[in-house]
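S.K.:
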Amino acid sequence: MLVLSRKIGESVVMRLPNGQRIKVMVCERRASGAIALGFDAPASVVIFREELAGRMGGQGDGNDSVASTGAALGRRAG
Numbered sequence: 008m009l010v011l012s013r014k015i016g017e018s019v020v021m022r023l024p025n026g027q028r029i030k031v032m033v034c035e036r037r038a039s040g041a042i043a044l045g046f047d048a049p050a051s052v053v054i055f056r057e058e059l060a061g062r063m064g065g066q067g068d069g070n071d072s073v074a075s076t077g078a079a080l081g082r083r084a085g
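Count along the sequence shown from 1, add 7, and you get the number used in the working numbering.
#1: Let's test the definition: count the other Cβ atoms within 10 Å of the Cβ of A48 and tell me whether it reaches 16, buried, or not, exposed.
#2: Measuring CA to CA, which of Q27, L9, A50, M32 is closest to E17?
#3: Hey, out of E58, F46, L59, R56, whose CA is closest to R28's CA?
#4: For G61, collect the residues of the same chain with a Cβ closer than 6 Å to its Cβ; drop the 5 residues on either side in sequence, then sort them by chain order.
#5: Just to confirm, is the Cβ distance from A43 to E35 under 7 Å?
#6: Leaving aside the five residues before and after E57 along the sequence, list all residues of the same chain whose C-beta is less than 6 Å from its C-beta, in chain order.
#7: Which one of I15, N25, V10, R13 has the shortest CA to CA distance from V52?
#8: Would DSSP call E17 helix, strand or coil?
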């Protein structure tokens, strides 16, 4: 496992073998200690919390808690 330190506003970029890029940015640190992350990825990429993987068999299935980045952007813009 690669472990990196990032500050608020800093990001990490991953390049997939097919050339697609995924950017993960540290958006804020909340009073509870939780870190808010922002994801910038192609609309075809499904992003979900790890604890949901068991319920879904490791794949996105249209569950309301799972969204493609395109769907997430549509909700945010609307």
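Positions of the beta carbon are idealized from the N, C-alpha and C atoms, including for glycine.
M.R.: Let me spell this out:
#1: buried
#2: M32
#3: F46
#4: none
#5: yes
#6: none
#7: N25
#8: coil
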